[in-house]
Each structure stands twice: as C-alpha cells, then as structure tokens.
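Sequential numbering of the sequence shown, starting at 0, is according to numbering that gives the first Met the number 0.
In what follows, a structure is listed as structure tokens, so that the remarks can point back to it.
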Amino acid sequence: MNILQKHLSELKAKNETIMVPYIMAGDHEKGIDGLEETITFLQDCGVSAIEIGIPFSDPVADGEVIQKAGLRALARNISLMDVVKKLQKIKTKIPLVIMSYFNPIYNIGVEKFIAELKDTDVKGLIIPDLPFEHREMVEPFLEGSEISLLRLLSLTTPRERQNTLLDGAQGFIYAVALNGTTGVGREYRDDIYGHLKYMTGESKIPVLAGFGVSCVEHVQKFREVCDGVIVGSFIVNALHSGEKEKVADFIKKSKEIK
0 MNILQKHLSE LKAKNETIMV PYIMAGDHEK GIDGLEETIT FLQDCGVSAI EIGIPFSDPV
60 ADGEVIQKAG LRALARNISL MDVVKKLQKI KTKIPLVIMS YFNPIYNIGV EKFIAELKDT
120 DVKGLIIPDL PFEHREMVEP FLEGSEISLL RLLSLTTPRE RQNTLLDGAQ GFIYAVALNG
180 TTGVGREYRD DIYGHLKYMT GESKIPVLAG FGVSCVEHVQ KFREVCDGVI VGSFIVNALH
240 SGEKEKVADF IKKSKEIK
C-alpha cells in the first residue's frame, strides 16, 4: 500500500471527511513561486491531500473557472517541468497529486517525468484523457515508486466496467459526480448518491466525489455515501479573489462533518 492510499485509508478508518482541494499551478500573483505558499496555506487548513493542476491549452474536463486559471498560468509561461522543478524544492506533511493531461507528460517523456518526481511529495497522478486501456503507457514506469495512477469513474460508467476499474485500483477512486466539465452552481442527478454508495461499498480504497462540489451542503450529502470530496472551482475562484478566509472556513466546516 503506497503512501497516498495508506494516508487516506487511515483517515477513512477514523471516519474523517477526506478533503482534497484542487489548485492550478502558477495561478498566483507570484506565478510558480507562489505554489509553496498556497500548498502551505491549504495544509495548515487541515486538508487531506492536494491536487495540483497543470495548465494546458486544450483541457477536456475543465470548466470555465479552471480554464481561466489555466490561461492565467499559461500567460506566465508555466510548464509542467516548471511545476516539477518547483515541487522538488517543496516539502509537505501530506501527499500531493498531479493532474495533467497526457500531452505535456508525453512531451517530456513518461519515464523522465516520473523519474523527476522521485524525490518529491507527489504520490498520485490523474491523467483524465488517458483511457484505462492505455494505462500501460504509464503504469510500468511507476513500478517500484510510491506514485499511484488514479482511476476516474463517471456516472455513465456501466456497472460491469465499474467493477473492472475498481479491481486493482490504488490511491483513491475519483468519482466524477457530473456528466460534463468541472464548475460551480451545478445540479446533481438524484441517482448519483446510489451510484456512489455502490461504488464505496465495492471499493477497497477511499472513494472521493469530485466536479461541482462548492458548498458545505454538497459535502454533507456526499459524506453519506462516500469517503470525501475533491473541490476545484470553488477553491480556485476563492484563492484568485484573495478570499483565503472563505477557503479556510469551507475546509473547517467540511472536516467537521462525520
């Protein structure tokens, strides 16, 4: 069991709400130099892990808020390797997860990219445009490392395929709670809760709901059927607006939910 899975499983065993905020690397007034400040702030707020997005010009899963954050970072010429080099200098008490589309990784070279992460606190990778059937393009290079390739399951994933994806999964399951892209102010389908409850019952590792989570009420509802949440657009928007107190309050109230 790697570090990310062990850490989150321990939180689950203690019935704590697993809270993973998403941030966009380089979306800071200091550019990439502000990344450590943001990570430290969120860590001090008590989050369970942090998902770090890599700016990309053609995202398929990102809604308007995260797209704009990515464009702000790209305007500062932030690349995936800039983020990796910065993370090599940052030490955290919690696991980090990189969310990147495949092209920037391919451009560096998968083997080189993973080797560069060896001495960082990155313990998970999310590559939303890498199909499960092509995981062999990445997973062989992760052998012997502490890094998990995380799996996403959507509302439209058939039950048989869900079971296939759950089998052998590591780290945590990213349960996509909306059909479409990330964003705030979205309405969840009534059947999402049964979908998550089944997934959580079948999974050997924590299941986290993501996409559209933007208020404490969302966290409360999801905690009834899974182990925690991933919060993107709400966090990205609030940090960009300088509303750190709003972020801290949201995390505090979410962590209090049992």
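Glycine residues also receive a C-beta, built at the ideal position from the N, C-alpha and C atoms.
Beyond the five residues adjoining it in sequence on each side, methionine 23 comes within less than 7 Å, by CB distance, of Gly52, Pro54, Ile65, Ala68, Gly69, Ala72 and Val235 in the same chain, given in chain order. The secondary-structure analysis by DSSP pairs glycine 209 across a beta bridge with Val175. Put simply, the backbone Cα of isoleucine 191 is about 33 Å away from that of leucine 79. Looking at the DSSP output, glycine 227 bridges to Ile17 and Leu207. Taking the CA atoms as reference points, lysine 90 sits about 37 Å from threonine 156.
With respect to the C-alpha of aspartate 57, the residue from Glu145, Asp128, Lys203 and Thr16 having the closest C-alpha is Asp128. About 7 Å separates the beta carbons of alanine 174 and glycine 209, which is inside the 8 Å limit, making them a contact pair. In the three-state scheme derived from DSSP, where H, G and I count as helix and E and B as strand, serine 232 is classed as helix. Cβ contact annotation for lysine 243 (same chain, cutoff 8 Å, sequence separation greater than five): Phe40 and Ala237, in chain order. Excluding its 5 nearest sequence neighbours in each direction, leucine 165 has C-beta neighbours in its own chain below 6 Å: Glu201 and Ser202, listed in chain order.
Residue Val82 holds the alpha-carbon nearest to the alpha-carbon of glutamate 50 among Val82, Gly30 and Gly241. By DSSP's assignment, glycine 52 forms a beta bridge with Met23 and Met98. Methionine 18 and serine 232 do not touch by the CB rule: their CB atoms are close to 15 Å apart, not below 8 Å. A distance below 7 Å between beta-carbons, with the five flanking residues on each side excluded, links glutamate 145 to the following residues of its chain, in chain order: Asn1, Ile2 and Lys122. Scanning Lys11, Lys85 and Thr16 for the CA closest to the CA of glycine 30 turns up Lys85. Taking the C-beta atoms as reference points, isoleucine 250 is found no nearer than 8 Å to glycine 33. Distance from the CA of leucine 148 to the CA of lysine 220, rounded to the nearest whole angstrom, comes to 27 Å. For leucine 148, the beta-bridge partners assigned by DSSP are Leu124. Counting only the Cα atoms, histidine 133 lies some 26 Å from aspartate 118. For cysteine 214, there is no enclosing alpha helix (DSSP H), as DSSP marks it with neither H nor E. Proximity to proline 20 across Glu216, Gly211, Pro103 and Ile107 peaks at Gly211, based on C-alpha coordinates. The closest CA to that of phenylalanine 140, considering only Leu7, Ser47, Val224 and Tyr105, is found on Tyr105.
Comparing alpha-carbon positions, the option among Ser153, Asp226, Val228 and Leu7 lying closest to lysine 92 turns out to be Leu7.
With fewer than 16 neighbouring CB atoms inside 10 Å of its own CB, proline 130 falls in the exposed class. When DSSP states are grouped into helix, strand and coil, glycine 193 belongs to the helix group. Here valine 109 is not near alanine 48, since their CB atoms are 8 Å or more apart.
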